[in-house]
Structure formats: structure tokens, C-alpha cells
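**Student:** Please read through the structure below; I'll follow up with questions.
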């Protein structure tokens with residue numbers, strides 16, 4: 005066999021037996037070409053994976069195999085590329101697992117711990133931990149992996165450098181600059197990836213087999229870190245909303261005033277339980293009955309016109325915080341009695357639509373007193389006129 009830098013020739017059978025470093029794809033193609041042995045004086049050209057060769061067939065037998073220069077790929081290179089692809093695939097699989105957790109988990113500790121476990125499933129990863137940085141010290145939130153790295157010192161210079169300078173550092177062997185690190189003599193590679201969440205600095209640390217990391221893997225780990233940062237922020241926001249909602253719901257359910265939210269179709273989206281004391285209907289009943297059924301017609305029209313006017317004000321550029329209305333409306337109690345209520349209205353925006361937030365209180369006694377006052381005033385005027 006000639007040097008690979010020049011065009012060379014070899015017998016088909018010698019090619020298979022002697023070329024142990026040859027591309028198996030070329031060999032397979034040559035074997036495939038034997039299907040044409042019944043053809044005489046025929047030259048066939050194949051191009052497979054950028055490898056060009058010709059099979060010259062003569063008298064129903066293969067005479068020579070002509071192979072272009074450059075085009076024999078060593079098996080070791082193929083195996084190396086295959087191993088690299090497998091490692092990337094395992095990391096991508098872990099990324100998918102982390103993303104699935106982000107959409108399902110609402111508890112920060114559980115989400116972060118399970119994210120570490122998913123990354124730990126990547127072969128050659130010894131240990132994974134995630135920590136937060138308060139400006140002075142790192143505090144581990146979650147970790148998993150082999151016990152040898154259980155007590156990794158977060159105060160080592162490489163870790164501090166990654167966090168303080170907001171850098172991504174990775175070392176494919178024991179780290180020379182961290183000679184005081186107790187793992188300095190333990191063959192390993194380290195990836196330290198800083199990321200932020202809700203304004204806080206955080207760190208994803210991965211310890212793996214020696215010479216494990218390259219730019220592609222680090223880029224994928226950076227994406228994982230950013231996803232975890234986003235998920236932590238999302239969980240914190242959801243927790244804040246939940247606590248606020250719980251607190252305000254408690255207040256709404258324990259005040260005498262009725263608090264409610266109504267959509268643009270004037271259907272209740274929420275109403276506090278104190279409605280039963282005001283109108284005699286339970287929350288379930290009041291939300292299943294059309295508003296006009298227990299509201300005086302003129303009051304119903306006034307409410308509709310007020311909402312329509314508020315929407316027009318918004319269209320003309322008025323700020324939502326500037327729109328506030330106070331109305332006196334008449335409702336019908338479940339027992340048939342008329343009830344006067346005062347409603348303070350504000351327009352709010354939730355998700356993708358405008359809604360009405362209302363606070364309602366019973367003013368029947370006030371209206372009754374106002375009626376008595378008007379009656380006494382009328383009597384007084386009549387007496388003055390008589391005198």
C-alpha cells in the first residue's frame with residue numbers, strides 16, 4: 005500500500021485484510037460493489053462520506069481499487085467522535101430533564117435538588133452542587149454525587165474567582181492555581197459557572213472525570229445554569245403571589261365589606277363570603293345567577309355605563325390608576341327586600357384583560373336616615389310657609 009499522501013492502488017482482498025485503519029464505510033461500499041461482478045469492462049464511481057474511489061471490474065472479477073488521497077479515516081478517529089457525540093447526547097438528555105422539572109416543580113429546594121440529580125446522571129460527573137452567594141460567602145442550596153466531594157470547600161480561590169468576577173471557569177485537570185485545594189492531587193476536571201437569579205449571584209459547580217470539558221459542554225452547562233436561574237426566580241415569584249393572595253384572601257373573607265372582581269361581561273370572577281350577610285346568597289349562588297336578576301334595572305344600567313365610560317377613558321390615554329368611581333346601587337336581598345349599597349370601583353388589568361375591582365358596603369341605614377332627614381326638611385319648610 006502506498007503513502008496516504010499520494011494516490012495509491014491495492015487489491016480488493018488485500019484492502020480488506022491489510023488496511024486495519026481504513027474507514028469501514030469504504031470497505032462496506034467495496035463489498036457492495038461486488039454485486040456488479042457479472043458486468044464486464046465497467047468502471048463504477050462511488051462517493052461516500054467525501055471518500056472517492058473507483059472499482060474497475062474486468063472479466064467478472066475486481067481488478068483494482070483506486071482510492072483518492074486523504075480519504076481513509078482512521079477507526080480511532082471515528083470512535084473518538086462517536087464517544088464525543090455520546091457524551092453530548094447524555095448532557096442534552098440531562099438538559100431536557102432539567103427543563104421538564106422547571107415546568108413541573110414549584111418548590112425551589114425540590115427543583116434545585118432534582119436538577120442536580122439529573123445532571124449527576126451524566127456519565128463521568130462525580131458531583132454537582134448549586135450555591136448562592138450573599139456577597140461574602142457561598143451557601144450550598146443542593147448537591148449530589150459521590151461522597152468524596154461531599155465537603156467541597158466553597159472558599160477555594162477558583163470558586164471565589166468564578167463568583168466574584170461572574171466568570172465561567174473550567175479546568176480539565178487538577179488545578180495548579182488551587183494548590184491548597186484538598187482535591188488538587190485527585191484527577192478530575194471542574195466547571196464553575198456563575199449565573200444570576202432575582203438579582204442574586206449563584207454558582208453551578210460540576211466535578212467530572214479528567215479532560216471532560218470542552219467549549220460545547222460548557223456552553224450547554226451555561227444554558228442549564230440560566231434555566232435553573234430562571235426557574236428559581238419563577239418559583240420565588242409564584243411563592244410571593246401565593247402568600248400575597250393568601251393574605252388578602254384572609255382579609256377579604258374576614259371583613260364586613262364585600263370585595264369582588266368582575267369581568268367585562270359583568271360576571272363575578274371572585275366575591276368574598278361576606279356577600280351572604282349582605283344579600284343572603286352564598287358565593288356559589290351569587291356567581292351562578294345573572295347580575296340583573298338581583299339588581300334594580302336602573303342600577304344595572306348605571307353599572308354598565310360606568311364600566312363603558314372607564315374603558316373609553318383608558319382608550320383616551322388616562323392611566324389605569326387614575327380611574328376610580330363611587331356608585332350607589334340598589335340590589336334585591338334573597339328575601340325580596342331592597343338593599344342600598346355603596347360601590348367603590350377601580351379598573352385593574354389581569355393577564356390579558358381589564359376587569360373591575362369593587363368594594364361594597366351596606367348603606368341601607370344611611371339611605372334610610374337620609375330619607376328621614378329629607379322628610380323632616382320638607383315638614384320644616386311647610387311649617388315655615390304656614391307661619
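Residue numbers (this note's numbering): 5 to 391. Glycine residues also receive a C-beta, built at the ideal position from the N, C-alpha and C atoms.
#1: For residue 254, which residues from the same chain have a beta carbon less than 7 Å from its beta carbon, with the 5 sequence-adjacent residues on both sides left out?
#2: Taking the alpha carbon of residue 335 as the reference point, which residue from 303, 290 and 229 has its own alpha carbon closest?
#3: Tell me the residue span of the alpha helix (DSSP H) that contains residue 316.
#4: If you run the structure through DSSP and keep just helix, strand and coil, what is residue 246?
#5: Mind checking whether residue 268 and residue 358 have CB atoms under 8 Å apart?
#6: What separation, rounded to the nearest whole angstrom, lies between the Cα atoms of residue 310 and residue 325?
#7: Under three-state DSSP, which class holds residue 284?
#8: Given residue 368, which residues of its chain have a CB within under 7 Å of its CB, disregarding the five upstream and five downstream residues?
#9: Using the C-alpha atoms, what's the distance from residue 389 back to residue 287?
#10: Could you give the DSSP three-state label for residue 233: helix, strand or coil?
#11: Taking the DSSP output, what are the residues bridged to residue 147?
#12: Short check: CB of residue 266 to CB of residue 340, under 8 Å?
#13: If you draw a straight line from the alpha carbon of residue 86 to that of residue 120, how long is it in whole angstroms?
#14: Can you grab the Cα-Cα spacing for the pair residue 226 / residue 98, in whole Å?
#15: To the nearest angstrom, report how far apart residue 205 and residue 198 are at their CA atoms.
#16: Report the three-state DSSP secondary structure of residue 268 (helix, strand or coil).
#17: To the nearest angstrom, report how far apart residue 216 and residue 165 are at their CA atoms.
#18: So, do the segment 273 to 282 and the segment 313 to 331 have three or more beta carbon pairs nearer to each other than 8 Å?
#19: Which whole-angstrom value describes the C-beta separation of residue 283 and residue 306, a residue pair presumed to lie in contact below a C-beta threshold of 8 Å?
#20: When DSSP labels each residue in this structure, what does residue 374 get in the three-state scheme?
#21: Can you tell me whether residue 242 is buried or exposed, with buried defined as 16 or more other CB within 10 angstroms of its CB?
#22: Can you look up residue 254 in the DSSP assignment and give me helix, strand or coil?
**Tutor:** Once the coordinates are examined:
#1: Sequence index remark: in the chain shown, residue 254 carries index 250 (1-based). Taken in chain order, the list of residues that qualify is empty.
#2: Here residue 335 refers to the residue found at position 331 of the chain shown. The candidate whose alpha carbon is nearest that of residue 335 is 303.
#3: As a position in the chain shown, residue 316 is number 312, starting the count at 1. Per DSSP, residue 316 belongs to the alpha helix (DSSP H) from 301 to 319.
#4: Stepping through the chain shown from its first residue, residue 246 is reached at position 242. Three-state DSSP puts residue 246 in a helix.
#5: The residue given as residue 268 occupies position 264 in the chain shown. The residue given as residue 358 occupies position 354 in the chain shown. Yes, they are a contact pair.
#6: Stepping through the chain shown from its first residue, residue 310 is reached at position 306. Stepping through the chain shown from its first residue, residue 325 is reached at position 321. Straight-line Cα distance between these residues: approximately 16 Å.
#7: To locate residue 284, count along the chain shown from 1; it is residue 280. It is coil, neither helix nor strand.
#8: Taking the chain shown and counting its residues from 1, one reaches residue 368 at position 364. Closer than 7 Å at the Cβ level, and outside the excluded window around residue 368, lie 343 and 344.
#9: By 1-based counting over the chain shown, the position of residue 287 is 283. By 1-based counting over the chain shown, the position of residue 389 is 385. Computed Cα separation, rounded: 52 Å.
#10: For the purposes of this step, residue 233 is identified with residue 229 of the chain shown, where counting begins at 1. Three-state result, residue 233: helix.
#11: As a working note, residue 147 is residue 143 in the chain shown. For residue 147, which the question treats as bridged, DSSP gives the partners 133.
#12: By one-based count along the chain shown, residue 266 stands at place 262. By one-based count along the chain shown, residue 340 stands at place 336. Contact: no.
#13: Numbered from its first residue, the chain shown carries residue 86 at position 82. Numbered from its first residue, the chain shown carries residue 120 at position 116. Going from the Cα of residue 86 to the Cα of residue 120 covers about 26 Å.
#14: Translated into positions along the chain shown, residue 226 becomes position 222. Translated into positions along the chain shown, residue 98 becomes position 94. Those two C-alpha atoms are separated by around 13 Å.
#15: Sequence index remark: in the chain shown, residue 205 carries index 201 (1-based). Sequence index remark: in the chain shown, residue 198 carries index 194 (1-based). If you take the alpha carbons of residue 205 and residue 198, they lie about 7 Å apart.
#16: For this step, residue 268 is matched to residue 264 along the chain shown. When secondary structure is reduced to three states using DSSP, residue 268 falls in the coil class, being assigned neither helix nor strand.
#17: For the purposes of this step, residue 216 is identified with residue 212 of the chain shown, where counting begins at 1. For the purposes of this step, residue 165 is identified with residue 161 of the chain shown, where counting begins at 1. Between residue 216 and residue 165, the C-alpha separation is close to 21 Å.
#18: no
#19: Position 279 of the chain shown, counted from the first residue, corresponds to residue 283. Position 302 of the chain shown, counted from the first residue, corresponds to residue 306. Contact flag wrong, Cβ pair sits at about 18 Å.
#20: Working through the chain shown from its first residue, we reach residue 374 at position 370. Of the three classes helix, strand and coil, the one that applies to residue 374 here is helix, per DSSP.
#21: Locating residue 242 in the chain shown gives position 238, where the first residue counts as 1. By the 10 Å Cβ count, residue 242 comes out exposed.
#22: On the chain shown, position 250 is the one that residue 254 refers to. Looking at residue 254 - three-state DSSP - the assignment turns out to be helix.
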